[in-house]
Every structure is written in C-alpha cells, then in structure tokens.
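Engineer: Next up is a structure, given as structure tokens.
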Amino acid sequence: RERARAARAATMAARSTRVGGRNPELAGQAAWVATEKVNAELFTLTYGALVRQVLHDCEDRVFEANKKLDEMGHAMGCRLIEDFLAKTNARKCLSFKESAETVALVGFKMFLNLECSLENWNDDETRCDVRFEHLDPFVAFVEVPDRYKSGDDEQSKLKYCQVLCGAARGALESVGVRTECHFVKDALVGDPSEGFVMRLEFTENVEDEYPFED
Amino acid sequence: PSARRPRLAHGAMVGLATFMIVSKEDVPQYECDFGASREQAAGYAPGGKKDDAAHLHQFVMHAALDFVDERQWETNTMNLKLVDRFNDLLVYAFVTAGGSRFLLLHDQRNEENVRNFFHDVHELYLKILLNPFHSPRAPIVDETFDARVRESAKRHFP
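One line per chain: the protein sequences are R and S, in this order. Its first residue numbered 231, the first sequence is counted upward by one per residue in the numbering used here. Its first residue numbered 5, the second sequence is counted upward by one per residue in the numbering used here.
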C-alpha cells in the first residue's frame with residue numbers, strides 16, 4: 231500500500247509540473263531546471279549590442295527601431311514555440327487565460343528565468359498585465375540615454391525590451407492566437423520605481439488557412 | 005563644480021587634488037577636482053587662484069602619462085602605485101584591463117587609501133562600461149558616477 235501511495239504521489243507531482251496542469255509556476259520551475267543554461271551576463275551584453283546595432287541601422291529613428299526589435303522578437307517567438315512544445319509535455323490551452331499563463335509563467339521562466347505574475351485581468355479575461363519582479367537578463371547595467379527617452383509621445387521612446395514582447399506575440403500567433411503585446415510600464419524610460427509591466431491582449435483567433443481553393 | 009575647501013593653515017592635513025580617467029588613446033574621459041591642495045593654501049600658485057592650480061594639476065598628470073606607459077609593462081598588477089613626482093605632488097596610477105588609465109594627484113603618501121580608492125572607482129567604472137549605450141572612448145557624464153566617486157574619495161581620504 232505504501233508503494234501505491236508513493237506511486238500516486240509521484241504521478242501527482244509529475245502531473246502538477248506538466249504544462250497546462252493546475253500549477254503553471256511549478257511547471258515553469260521544472261522546465262527551467264531541465265534546460266541548458268548560458269551565462270546571464272553574456273546574454274545581457276549580447277542583447278545590449280543588438281539594440282545598439284538596431285538603433286545604429288535605423289539611424290537613431292526610435293519608431294523604426296522599436297518596430298524592428300518587435301519583428302525580430304516575432305521571428306524568434308515563432309521558433310521558440312516549437313522548442314517549447316518539444317521540451318514540455320504541454321497540453322492544449324483551453325482559454326486565453328491559460329495561454330497567457332503558459333507563456334508568462336512557464337515560457338518566460340523556462341527560457342529566461344524571469345519571475346512574473348499576471349494581474350489586472352479584465353472581465354472578459356482577454357487582457358492582462360504581466361508584472362516582472364525584475365528584467366535583469368535584459369536590463370542589467372543599462373542606462374538609456376536621454377535622446378531615446380525624451381518626448382511626450384510614447385512612440386518616440388525606446389522600447390528596449392520589445393524583443394520579449396515580439397517573442398510572446400510570435401509564439402502565440404504560431405499556435406493560433408493573435409495578440410497585442412507591449413510594455414505599459416518601463417523602468418528604463420519611465421519611472422524606475424514602477425518596474426516593468428507588460429500588457430498582453432487577445433485580439434483574435436487565427437483562422438486555419440486551407441491550402442487549396444474549394 | 006568642485007568642492008571649495010577653506011584655506012587651511014600650513015601643516016594641516018590637506019586632502020587630494022585631482023582624479024582623472026584617460027582612455028587608451030590618451031583621450032580624457034573623466035575629471036574630478038576634489039579641492040585645495042597644500043600649495044594652494046601656501047599660496048604656491050601665483051595669486052592663489054584656483055584656475056592656475058587646476059592647470060598645473062592637469063599638466064602634471066598628463067606629463068605622468070609617459071611614466072604610466074612605461075610602468076604598466078613592468079608589472080602584472082593593475083595598480084601601478086606611485087609613478088611620478090612633481091615637487092610635493094604625487095601621481096598615482098591604475099591601469100584597467102581595457103587600457104584606460106586612472107590618475108590620482110595627491111600630496112600625501114598613503115598607498116593603502118589610494119589602492120582602496122582605485123578599487124572602488126574601478127568597480128564603478130565597470131558598471132559604466134557594461135552599459136550598452138556607453139561608447140568605450142566617450143566621456144563619462146553620468147551624475148551618479150560622479151557622486152559616487154566623490155563619496156569614495158571622501159571616505160578614503162578624510
């Protein structure tokens with residue numbers, strides 16, 4: 231009977247770490263532990279160089295640079311979702327809320343070890359805010375110069391972490407969910423005490439495209 | 005704006021003069037004038053004007069760069085300690101891994117304090133370097149950096 235109990239406990243534990251189960255945080259933690267790691271500072275410096283290069287290529291036009299970062303993120307997200315689905319035993323998400331939780335609590339944790347929480351859900355459960363405890367892999371040691379964060383228009387401010395938003399958007403689009411994703415609170419260009427908050431909003435389901443005319 | 009120390013009696017403990025960071029290509033990146041040094045208090049600089057003393061400090065430090073260049077190959081540590089002397093002004097140097105030189109102009113022999121000061125500034129300097137928006141040869145204009153360097157100087161050279 232002891233053995234049966236132990237077996238049941240083990241299956242319960244395995245199930246709770248399964249993506250799509252009741253506890254996405256645990257699933258995220260388990261996935262993070264299982265992935266290969268790379269030096270965080272290497273990532274931070276590489277990402278910084280990437281943003282710097284994009285700004286240089288866009289000749290300091292912040293609006294273009296933001297768009298480019300988003301596109302790069304989108305391309306990455308489309309690939310990352312394949313990796314994610316291969317590595318985790320993910321179950322199909324039945325609602326946008328589950329999708330958002332999977333991306334934020336499992337995906338971000340697994341790939342970047344980012345701790346975050348989902349809050350401020352609207353009544354429809356189609357929009358939420360992802361609040362990050364810290365975004366150190368991206369923003370450690372970064373000080374954005376004034377020329378990229380001045381101006382009243384939000385569009386004229388550099389969206390340093392836009393690649394992350396793009397990735398979330400790309401990943402979700404690849405599994406059939408179109409979303410809008412951007413940072414509403416960015417400590418790098420706004421108030422440092424407000425931290426980093428990303429808004430994830432469901433737009434529509436991607437229609438299945440039939441490969442041939444009927 | 006640098007701190008203006010009141011004229012002290014000759015023989016009193018006077019603090020340091022100037023700290024400078026010079027890049028590998030001899031481009032000054034940062035300069036910090038800490039306050040009066042003894043020769044100003046003693047009226048060494050003609051008229052006791054602050055500007056003349058500042059010019060003298062700069063001149064002495066840049067002249068010391070030649071000695072730094074020689075000295076840095078003689079040792080494998082970053083702290084070069086005392087590299088040059090001008091009357092009673094002493095120049096201490098520290099070379100970073102990337103070739104930037106920290107120069108401290110002082111009028112007291114206190115190697116321990118200088119070493120700790122250089123160590124602190126080096127850490128601050130590294131944080132500036134890690135910023136992706138900082139170009140390696142660009143001047144350091146960050147106010148927090150300036151404030152922390154002054155703080156560190158006050159701490160190590162009371």
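We treat Cβ as the ideally placed atom computed from N, Cα and C, and that holds for glycine.
Below 7 angstroms between beta carbons is the criterion; list the residues of the region 350-378 of chain R that meet it against any residue of chain S, in chain order.
Structural biologist: So the list reads Phe371, Val372, Glu373, Val374 and Pro375, given in the order they occur along the chain.
Engineer: Hey, could you find the ends of the alpha helix (DSSP H) histidine 364 of chain R is sitting in?
Structural biologist: No alpha helix (DSSP H) contains histidine 364 of chain R, which DSSP labels as neither H nor E.
Engineer: So within the region 92-123 of chain S, which uninterrupted beta strand (DSSP E) runs reach at least 3 residues, ignoring any that extend past its ends?
Structural biologist: 93-99 and 105-110
Engineer: In chain S, which residues lie less than 7 angstroms from valine 281 of chain R when you measure between Cβ atoms?
Structural biologist: Pro136
Engineer: Taking contact to mean 3 or more Cβ pairs, one atom from each stretch, closer than 8 angstroms, check whether the region 110-127 of chain S and the region 424-436 of chain R are in contact.
Structural biologist: A contact is defined here as three or more CB-CB pairs under 8 angstroms, and the region 110-127 of chain S fails this definition with respect to the region 424-436 of chain R.
Engineer: Closest Cβ-Cβ distance between threonine 274 of chain R and chain S: below 9 angstroms?
Structural biologist: yes
Engineer: To which residues does DSSP link isoleucine 311 of chain R through a beta bridge?
Structural biologist: DSSP output for isoleucine 311 of chain R lists no bridge partner at all.
Engineer: For a contact meaning CB atoms closer than 9 angstroms, what does aspartate 124 of chain S contact in chain R?
Structural biologist: Neighbours of aspartate 124 of chain S on chain R: none; closest Cβ ~17 angstroms, over 9 angstroms.
Engineer: Between glycine 157 of chain S and the rest of its own chain, which residues show a CB-CB distance below 6 angstroms, the 5 nearest in sequence each way excluded?
Structural biologist: The question names glycine, but residue 157 of chain S in the sequence shown is alanine. Contacts found: Phe38.
Engineer: Measuring only from the beta carbon, is lysine 317 of chain R closer than 8 angstroms to any heavy atom that is part of the ligand NAD?
Structural biologist: The ligand NAD is absent from the structure shown, which contains no ligands of any kind.
Engineer: Using a 10 Å radius around the Cβ and a threshold of 16 neighbouring Cβ atoms, would you call phenylalanine 63 of chain S buried or exposed?
Structural biologist: exposed
Engineer: Could you please give me the residues that DSSP links to cysteine 346 of chain R through a beta bridge?
Structural biologist: R:Phe362
Engineer: Strictly below 9 angstroms CB to CB, what residues from chain S border glycine 278 of chain R?
Structural biologist: Near glycine 278 of chain R (Cβ distances below 9 angstroms), the residues of chain S are Leu134, Asn135, Pro136 and Phe137.
Engineer: What does DSSP give as the partner residue(s) for isoleucine 25 of chain S in the beta ladder?
Structural biologist: S:Tyr34 and S:Phe106
Engineer: Would you list the residues sitting across from valine 407 of chain R in a DSSP beta bridge?
Structural biologist: Valine 407 of chain R is bridged to R:Asn435.
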